[in-house]
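For reference, the structure discussed in these notes is given below.
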Amino acid sequence: MEDAAGLGAEQAIIDGMYVRLDDLRAEATDRLAAIRKEGPSGSPQNRSERDAFASLYEDRIASLDAVEDRLCFGRIDGVSERHYIGRIGISDPDYVPLLTDWRAKAAAPFYSATARDPQGIISRRHITTVGRRVAALEDDVFDVEALRSAGRNAELTGEGALLSALSARRTGRMTDIVATIQAEQDSVIRAPLAGALVVQGGPGTGKTAVALHRAAFLLYHHRERLVASGVLVIGPSILFLKYIDHVLPSLGETGAVSTTLAGLVPGVDASIRESDEVAAVKGRPSMARVIAAAVRERQRLPLDDQEVSIDGRRIVIRRQDIADAQARARKDGSPYNTARTTFVREMIRRLTTQLVEQLGGGLDEADRRELEGEIRDNRDVRIALNLAWLPLTPEQLLQDLFSRPHLLDHAAPRLSRADRALLRRSADAPFTDADLPLIDEAFDLLGDLPGGEARPGGPSREEVEYARGVLDIFGGGMVSADLLAQRMAGTRARLTIAEHAARDRRWTFGHVIVDEAQDLSPMAWRMLLRRCPSRSFTIVGDLAQASSGGVRGWTETLGSLFGNALSERTLTVGYRIPASVTDAAQAYASAAGLPVSPLSAVREVEDAVRLTRADDPIAEAARIARAHADRLASSGGGTSAVIAPESRLTDALRAVADAPEVSVLSPRDAKGLEFDVVVIADPVSIAFRPGDLYVALTRPTGILEIVHDGALPPGLG
23 MEDAAGLGAE QAIIDGMYVR LDDLRAEATD RLAAIRKEGP SGSPQNRSER
73 DAFASLYEDR IASLDAVEDR LCFGRIDGVS ERHYIGRIGI SDPDYVPLLT
123 DWRAKAAAPF YSATARDPQG IISRRHITTV GRRVAALEDD VFDVEALRSA
173 GRNAELTGEG ALLSALSARR TGRMTDIVAT IQAEQDSVIR APLAGALVVQ
223 GGPGTGKTAV ALHRAAFLLY HHRERLVASG VLVIGPSILF LKYIDHVLPS
273 LGETGAVSTT LAGLVPGVDA SIRESDEVAA VKGRPSMARV IAAAVRERQR
323 LPLDDQEVSI DGRRIVIRRQ DIADAQARAR KDGSPYNTAR TTFVREMIRR
373 LTTQLVEQLG GGLDEADRRE LEGEIRDNRD VRIALNLAWL PLTPEQLLQD
423 LFSRPHLLDH AAPRLSRADR ALLRRSADAP FTDADLPLID EAFDLLGDLP
473 GGEARPGGPS REEVEYARGV LDIFGGGMVS ADLLAQRMAG TRARLTIAEH
523 AARDRRWTFG HVIVDEAQDL SPMAWRMLLR RCPSRSFTIV GDLAQASSGG
573 VRGWTETLGS LFGNALSERT LTVGYRIPAS VTDAAQAYAS AAGLPVSPLS
623 AVREVEDAVR LTRADDPIAE AARIARAHAD RLASSGGGTS AVIAPESRLT
673 DALRAVADAP EVSVLSPRDA KGLEFDVVVI ADPVSIAFRP GDLYVALTRP
723 TGILEIVHDG ALPPGLG
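If you're matching positions, the sequence shown starts at 23 in my numbering and goes up one per residue.
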């Protein structure tokens, strides 16, 4: 039973923290209101300064609002000092610390201290709050004698903060694990920024949560380096992004951009999933050479010279002039469309020189510019120069490459005829997910079309110095001097990192976090490496969950990309999935020959795995899922899902049409998600891709129902 006096004492402390939080929020709100009240009057510099301060206070308010829930969740006691641990750091008006940010060095023992290595603390307290009310306390004692000497009781209460948190039902959104991060997870979160860190772990080990907390940790400890460029978080699906979208803001961070690979290629609809055979070809690293050859092919030499008439005078578009101008344009290595501008300018200059010579020379600069305009506007000249070097979008390049056999044969002579046949399609065929890395590769070589928007320039040194002075007065908060200076520079510079990145496909990030990384092709990795030239990555995945199969090790997959900068950590403790579900999934994975990681489950749920035989597995799975949904709704809520083969998703959706609270997903769409109850329909059909069935088997945090028609994959019988 909880000590009422202990609860009351902690409640008083927590109340004080919330009073201070309210004061800070009110102070920022008042300052923002005062700035807005001034209106848009004054000089452009004054308006820019007001906009910058407004942005500063808006960020501050957003940060304070995001930590309202579970502001403080822990306490660590040393022999002579005590720290309360929470989502952000808070001090009183006299700068006396009230709450220590969970990412601060002083908070590290809260996560990593053990009885063997107490790291200077004698006890750790987990504080559970509901709203602003302290609901429960639990103490872990590392030094009983020291605790008694300090005058505190050495009693332990509760079932354990970690297991208590894990017993909570899923809500459709990931519950952040700040208060229950364990030592092996904490070592990943606090790993150095440099290099590529692979986090390998089986289902339920908290890989995704650890990766997101690592993003918050890096943004906190490397703010000067990362705040202007940001952290990119890549997830496997839009569903997954919705599932995690509250985690970083709840940790006090807004400097990360979360998206899928498709989000890195704006304006391209690639919602169709490519077939495995074709995706395997498109994902090969050799496709980079194919795209490069296809780009080079679009620069062509005419067979002969061509005469054109300019106001009755004949000039010649010489084949040799085109060759020379193309060579000159390619010389500085500029992207295709940028170099084309140089090519056109050089050709217009040469043609103008011909015309000037016919007119006897002696023309001033204004007359020459007029002649250049006439030549540039001539229809025959435009056609000839476009045939030699046509402006091109990545999408058009790919459509032409795959719909015109002669272009593909020329660009991909090393591909087998069978592989080239797989790539061919009609010119109006929609793009697929496997096309995205190829489109991105093409954009890197082609660049923007003429008139495309360039990336805004950075602030001047004077602007940065001025902004640093502002921050010294008002406190930096979530904004660096560089970013504040950008916001003061004008409207476009006040864009968020996400808005900047969306406008500029060449935007580069300071760090990239990749979830479900086992499914990325070599071409997809090239796509991500372009976004982070420093090659600072956190790579999260499970080799056994790879949909494509054939992935045997991270070094084999990524060693050529990161070299000696690649390191690997393994998470071995399963916190969410019941032990019996883990055992069933591991048995199947071993029988299927998947590269299974060591995994020890810490939760037991009675009767968690259930097998049901039915002539129509889809219909029966729907019936079972509806029954679970009704039960969960009547007992406090929860989530349930039917996972069906991709070929029968439509049937499954139709079967649960009267139960919208039941999610219906393919195994690939279920990656990274969790549900209280998962009903798998027709596991044999799903096992066509062994990794997909392993994914499906490991989505429940409560009950796993397997509905089959009499046949079961190996290990599940």
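Just so it is clear, CB atoms sit at the ideal spot from N, CA and C, and this is done for glycine as well.
Everything numeric in this text was worked out from a predicted model, so none of it was measured.
As a beta-bridge residue in DSSP terms, PRO119 pairs with SER113. Residue burial is scored here from C-beta neighbours: PHE710 has fewer than 16 other C-beta atoms within 10 angstroms and is therefore classed as exposed. In the pairwise beta carbon analysis, the stretch 524–537 is classified as touching the stretch 550–558: at least three pairs are separated by under 8 Å. The DSSP assignment places 253–256 as complete runs of the beta strand (DSSP E) inside the stretch 235–263, in order along the chain (cut-off: 3 residues). DSSP, read as helix, strand or coil, puts SER569 in coil. Per the coordinates, the alpha-carbon of SER113 lies some 13 Å from the alpha-carbon of CYS94. Of the candidates ARG97, ARG527, ARG574, ARG527 places its Cα closest to the Cα of ARG552. Rounded to whole angstroms, the separation of the alpha carbons of ALA703 and GLY732 is 12 Å.
Assignment of PHE164 by DSSP, reduced to helix, strand and coil, places it in the coil class.
Annotation for ILE535: the continuous beta strand (DSSP E) segment containing it runs 533–536. Our two residues, ASP161 and HIS148, have alpha carbons roughly 6 Å apart in a direct line. DSSP, reduced to helix, strand and coil, places ARG528 outside both helices and strands of the structure shown, so it counts as coil. Taking 8 Å as the upper bound for CB-CB distance, LEU695 and TYR40 are not in contact here, some 33 Å apart. Of the other Cβ atoms in all chains shown, fewer than 16 fall within 10 Å of the Cβ of ASP139; this residue is therefore exposed. Per DSSP, reduced to three states, the secondary structure at ASP291 is coil, with no helix or strand assignment.
Fewer than three pairs of CB atoms, one per stretch, sit closer than 8 Å, so the stretch 640–654 makes no contact with the stretch 609–619. Secondary-structure assignment with DSSP links TRP411 through a beta bridge to GLN321.
Taking 4 residues as the minimum length, the alpha helix (DSSP H) runs contained wholly in the stretch 356–385 are 358–380, in order along the chain. In the structure shown, ARG690 falls within a coil segment according to DSSP collapsed to helix, strand and coil.
Secondary structure of ALA601 (DSSP, three-state): helix.
Taken atom to atom, the span from the alpha-carbon of LEU373 to that of GLU329 is near 11 Å.
Looking at the backbone, the Cα of ARG625 and that of LEU726 are separated by about 14 Å. For GLU590, the uninterrupted beta strand (DSSP E) run begins and ends at 588–593, by DSSP.
The beta carbon of VAL312 sits closer than 6 Å to those of ALA433, ALA434, all from its chain and outside the five residues before and after it, given in chain order. About 19 Å separates the beta carbons of ARG436 and SER582, which is beyond the 8 Å limit, so they are not a contact pair. The three-state reading of DSSP puts LEU437 in coil, since its state is none of H, G, I, E or B.
By the 16-neighbour rule on beta-carbons within 10 angstroms, PRO131 is buried.
Looking at the DSSP output, ASP99 shares a beta bridge with ARG104, SER145.
In the three-state reduction of the DSSP assignment, ASP698 falls in the strand class. Taken atom to atom, the span from the alpha-carbon of ALA440 to that of ASP431 is near 12 Å. In the assembly as shown, ILE665 is a buried residue. Its beta-carbon has 16 or more other beta-carbons within 10 Å. Residue environment analysis places ASP326 among the exposed positions, since fewer than 16 neighbouring C-beta atoms fall within 10 angstroms of its C-beta.
Within the stretch 634–693, the alpha helix (DSSP H) runs of at least 4 residues that lie entirely inside it are, in chain order, 639–656, 671–677. Cβ-Cβ separation between GLY224 and GLY596: approximately 6 Å, consistent with a contact (criterion under 8 Å).
Your pair LEU444 and GLU299 checks out as a contact, with CB atoms roughly 6 Å apart and the cut at 8 Å.
By the CB criterion at 8 Å, GLN348 and ASP564 fall outside the cutoff.
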